[in-house]
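Read through the structure below, which is laid out as structure tokens, and then see the notes.
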Amino acid sequence: KAGVTQTPRYLIKTRGQQVTLSCSPISGHRSVSWYQQTPGQGLQFLFEYFSETQRNKGNFPGRFSGRQFSNSRSEMNVSTLELGDSALYLCASSSSGFGNTEAFFGQGTRLTVV
Amino acid sequence: KNQVEQSPQSLIILEGKNCTLQCNYTVSPFSNLRWYKQDTGRGPVSLTIMTFSENTKSNGRYTATLDADTKQSSLHITASQLSDSASYICVVSARGTTDSWGKLQFGAGTQVVVTP
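Here the protein sequences line up with chains A and B, keeping their order. The first sequence begins at 56 in the working numbering and counts up one residue at a time. The second sequence begins at 516 in the working numbering and counts up one residue at a time.
This is the structure:
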């Protein structure tokens with residue numbers, strides 16, 4: 056069974072640009088969540104999607120948005136990039152949401168804003 | 516204030532030695548606690564999941580303990596190997612009406628370096 060796939064693995068963008076990251080969950084999983092990880096802040100929750108609906112959202116500005124498609128693949132978009140957006144962006148999938156079910160993380164997308 | 520505190524922040528151990536990482540939490544009502552291992556530049560990988568009724572769970576050389584009364588957990592690494600060098604993250608889930616990622620509380624992680 057294929058794991059969680061995130062593309063691209065690395066990305067370099069300029070301040071002010073926008074970026075779209077992609078996450079393909081494990082087949083059959085309907086929950087996808089996104090995290091931002093920086094050395095100083097650790098893992099910070101961005102949002103969670105379940106069956107194409109955003110079920111929960113973290114404390115990030117509106118520049119961060121996401122969506123989930125009918126095949127459960129998810130995209131995350133960041134507009135008007137700032138230097139502070141440089142981070143490792145991780146997505147995780149599970150069959151029904153966190154609860155007591157197993158959750159699997161992707162390898163992440165390393166975004167560098169210059 | 517973070518509801519999940521991990522200690523130490525980092526530690527260096529010799530290959531073959533044992534070590535114990537600590538996680539204290541204030542998350543309530545408690546649902547479950549997980550330990551993840553994250554290699555540099557990669558996604559976290561789950562090591563153990565424990566609910567309030569479980570007080571020990573093992574995964575190979577990794578053994579996690581949970582004391583729900585004192586709200587403390589530990590992760591013990593036995594006979595450390597170079598491949599154990601990673602960040603270990605404690606994640607606590609609160610019990611609520613819906614299971615949602617937003618209810619997770621993450622520790623800052625303990626960076627473990629195993630030296631030859």
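Even glycine gets a Cβ: it sits at the ideal position worked out from N, Cα and C.
Output yes or no for whether 8 Å exceeds the beta carbon distance between residue i and residue j.
i	j	result
Leu619 (chain B)	Phe100 (chain A)	yes
His84 (chain A)	Ser125 (chain A)	no
Ser86 (chain A)	Phe102 (chain A)	no
Leu145 (chain A)	Arg165 (chain A)	no
Spatial neighbours of residue i within its chain, please: C-beta separation below 6 Å, excluding the five flanking residues on both sides.
i	result
Arg128 (chain A)	Ser79
Thr535 (chain B)	Ser589, His591
Which same chain residues, not among the five before or five after residue i, have their C-beta less than 7 Å away from its C-beta?
i	result
Gly531 (chain B)	Ala594, Ser595
Met565 (chain B)	Asn547, Leu548, Lys572, Ala579, Leu581
Ser141 (chain A)	Leu166, Thr167, Val168
I need the straight-line Cα distance from residue i to residue j, nearest angstrom please.
i	j	result
Gln92 (chain A)	Asn539 (chain B)	21 Å
Ser525 (chain B)	Arg610 (chain B)	30 Å
Gln626 (chain B)	Arg118 (chain A)	31 Å
Arg64 (chain A)	Asn570 (chain B)	38 Å
Thr75 (chain A)	Ser522 (chain B)	36 Å
Tyr603 (chain B)	Lys552 (chain B)	5 Å
Thr612 (chain B)	Phe621 (chain B)	Below a pLDDT of 50, predicted positions are generally treated as unreliable, and Thr612 (chain B), at 49, falls in that range; the measurement from the model is reported next regardless. Roughly 20 Å between the two C-alpha positions.
Excluding the 5 residues preceding and the 5 following residue i in the sequence, name in chain order all residues of the same chain whose CB lies nearer than 8 Å to its CB.
i	result
Ile81 (chain A)	Lys56, Ala57, Gly58, Val59, Ser148, Phe159
Thr69 (chain A)	Leu136, Val168, Val169
What span of residues does the beta strand (DSSP E) with residue i cover, start to end?
i	result
Gly161 (chain A)	Here Gly161 (chain A) belongs to no beta strand (DSSP E), and DSSP marks it neither H nor E.
Phe621 (chain B)	619-621
Gly556 (chain B)	Premise fails: Gly556 (chain B) is in no beta strand (DSSP E) and is neither H nor E.
Chain B partners of residue i, CB-CB under 8 Å?
i	result
Gly117 (chain A)	Those within 8 Å of Gly117 (chain A) in chain B number zero; the least Cβ separation is about 17 Å.
Gly121 (chain A)	Under the 8 Å cutoff, chain B gives no residues; its nearest Cβ is about 12 Å from Gly121 (chain A).
Leu145 (chain A)	Gly558, Pro559
Arg165 (chain A)	Gly556
Examine the ligand COA and report whether any of its heavy atoms sits within less than 7 Å of the Cβ of residue i.
i	result
Glu157 (chain A)	The model on display carries no ligand, and the ligand COA is accordingly not part of it.
Since residue i meets chain E, which of its residues come closer than 8 Å, beta carbon to beta carbon?
i	result
Ser561 (chain B)	Among the protein chains of the structure shown, namely A and B, there is no chain E.
Cβ closer than 9 Å: which chain A residues qualify as neighbours of residue i?
i	result
Arg576 (chain B)	Chain A residues near Arg576 (chain B): none, gap ~20 Å exceeds 9 Å.
Using a C-beta to C-beta distance shorter than 8 Å, which residues of chain A count as neighbours of residue i?
i	result
Ala623 (chain B)	Gly97
Ile604 (chain B)	Gly97, Leu98
Counting only Cβ pairs nearer than 7 Å, list the residues of chain B close to residue i.
i	result
Gln162 (chain A)	Arg557, Gly558
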